[in-house]
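Residue numbers (the working numbering): 631 to 1061.
Beta carbons: idealized from backbone N, C-alpha and C, even for Gly.
All values derive from a computational prediction rather than experimental measurement.
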């Protein structure tokens, strides 16, 4: 802990020294928030009470779940001097997949090695920050108390002043005969001991779920075997039958909160929204000098960049066009779009009207970009950069003033001219 004055050059040199040594530290700027001021505002009493309460538990914070969100939260709390534990246990899929151990040709071997290296890196980074990592399943048994059960069934009990639930989600099943027995999910795909062969992927959109129900019958066992799949539309269309080696369910995911014992501590949950982040940790454990900045901070759920990593990627950030029309009214929007032809496709002579770019602008807010969409090569990389620009208030004028890097796919957004409302043709004619 460094007790400092923000304008003091000696204090600044000490901070720089610790930073250069890679040492984590907390700062209390005495000119910004002294003890008298803290007492008057009530902060001093709150901090003293929290310290008193925290000392009664094994840990200041227990994070349930070892995904990216949980690990970020755990490390952030540890940086601020909190005693932290992470409980991380992957319940096997119905096919017994644990995600880390397997043997399926060169690709599968490489994937499993990569997963193993990621796990090692995550555990090492936690150790560096003195976070206790326990490979056990967490379940609440009382207020501030949790039971941790490892894969051998051995139980241990821990207490903490605070808990973060970051258990993530697992694939959903159809709830029809044969789904868990004969179908696999993304949990299992890269752990198969054999090539999946001819594969039927169930799902892709809400419409697909609403229009079809599936019944599955095994015709022949083996690696892979043969499955007869019957699909019947709820809209009265004819029944479709075919034979596949593998049926992969991709009909959405559900949160892993049903068996955490949350009802024992009076917690009601929205199972569709389980997440943890550095922001959550900073709100719960604010440094005194940053209290005002963190209180009331919320996550921006609108401008979340997303990518579908299909062979030709789709990336987006902000509003879909239909949702933007609901929120801002269609008359207040201007939509710019175009088809484009990546340079890398020209020699291969691929279709010059396959890739698509679109932005949605709010005319009442200086043409601020409220929706970004791209369908083309490396869409994820492109979307990540534009997402940061949107967080900074990107407008159509700023895009027009940006110099595009040629030849890249991203430069198409610096020269968008055709609006949807104009009805003009956006197809590319080539040379």
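What residue range does the beta strand (DSSP E) around residue 992 cover?
985 to 992
Give me the Cα-Cα distance between residue 831 and residue 708, rounded to the nearest whole angstrom.
Distance between the alpha carbons of residue 831 and residue 708: 42 Å.
Cα separation between residue 1017 and residue 943?
16 Å
At a cut of 8 Å, does the segment 849 to 860 reach the segment 776 to 788 through at least three beta carbon pairs?
Contact between the segment 849 to 860 and the segment 776 to 788 is absent: fewer than three C-beta pairs spanning the two stretches fall below 8 Å.
Here's a check: name, in chain order, each residue in its chain whose Cβ is nearer than 6 Å to the Cβ of residue 646, leaving out the five neighbours to either side.
Short of 6 Å from the beta carbon of residue 646, and not among the five residues preceding or following it, lies no beta carbon of its own chain.
Touch test, the segment 684 to 703 against the segment 789 to 805, Cβ-Cβ under 8 Å, three pairs minimum:
yes
For residue 1000 versus residue 948, is the C-beta spacing smaller than 8 Å?
yes
Name the two residues that bound the continuous alpha helix (DSSP H) containing residue 818.
816 to 819
Quick one: grab the DSSP three-state call for residue 732.
The predicted position of residue 732 is uncertain, since its pLDDT is 44 and thus under 50; no value can be drawn from it.
Between the Cα of residue 634 and the Cα atoms of 651, 649, 656, which residue gives the shortest distance?
Nearest of 651, 649, 656 to residue 634, Cα basis: 656.
Closest by CA to residue 874, which one among 889, 884, 855?
855
Is residue 983 buried or exposed, if buried means 16 or more other CB atoms sit within 10 Å of its CB?
That one is exposed.
Smallest Cα separation from residue 966: which of 939, 959, 998, 820?
998
Inter-residue CB distance, residue 815 and residue 885 (contact presumed, cutoff 8 Å)
Actually they do not touch by this definition, with Cβ atoms about 15 Å apart.
What are the start and end residues of the beta strand (DSSP E) that includes residue 1004?
998 to 1005
Taking the alpha helix (DSSP H) that residue 995 belongs to, which residues open and close that run?
From DSSP, residue 995 is part of no alpha helix (DSSP H); its letter is neither H nor E.
Reduced DSSP secondary structure (H/G/I, E/B, other) of residue 829
strand
Buried or exposed for residue 809, please, with buried defined as at least 16 other CB atoms from any protein chain shown within 10 angstroms of its CB.
Around the CB of residue 809, 16 or more other CB atoms lie within 10 Å, so the residue is classed as buried.
Between 833, 825, 1030, 824, which has its C-alpha nearest residue 803's C-alpha?
833
Compare the C-alpha of residue 939 against each of 1013, 817, 644 and name the closest.
1013
Along the beta strand (DSSP E) that carries residue 885, what are the first and last residues, could you check?
883 to 885
Rounded separation between residue 961 and residue 971 - CA only:
30 Å
Kindly indicate the opening and closing residues of the alpha helix (DSSP H) around residue 639.
639 to 650
I need the straight-line Cα distance from residue 769 to residue 898, nearest angstrom please.
Approximately 15 Å, taken between the alpha carbons.
For residue 925, the three-state DSSP class (helix, strand or coil):
Residue confidence is low: residue 925 scores 42 on pLDDT, short of 50, so the model does not pin down where it sits. No coordinate-derived value is stated.
Own chain, CB closer than 8 Å to residue 1041, minus 5 neighbours either side, in chain order
1034, 1035
Close-in-space but distant-in-sequence residues of the same chain around residue 1011 (CB under 7 Å, 5 per side omitted)
none
If you run the structure through DSSP and keep just helix, strand and coil, what is residue 757?
Note: residue 757 maps to helix in three-state DSSP.
Taking the straight line between their C-alpha atoms, what separation do you get for residue 694 and residue 771?
14 Å
Leaving out five residues on either side along the sequence, give the residues of the same chain with a beta carbon under 8 Å from the beta carbon of residue 660.
633, 634, 635
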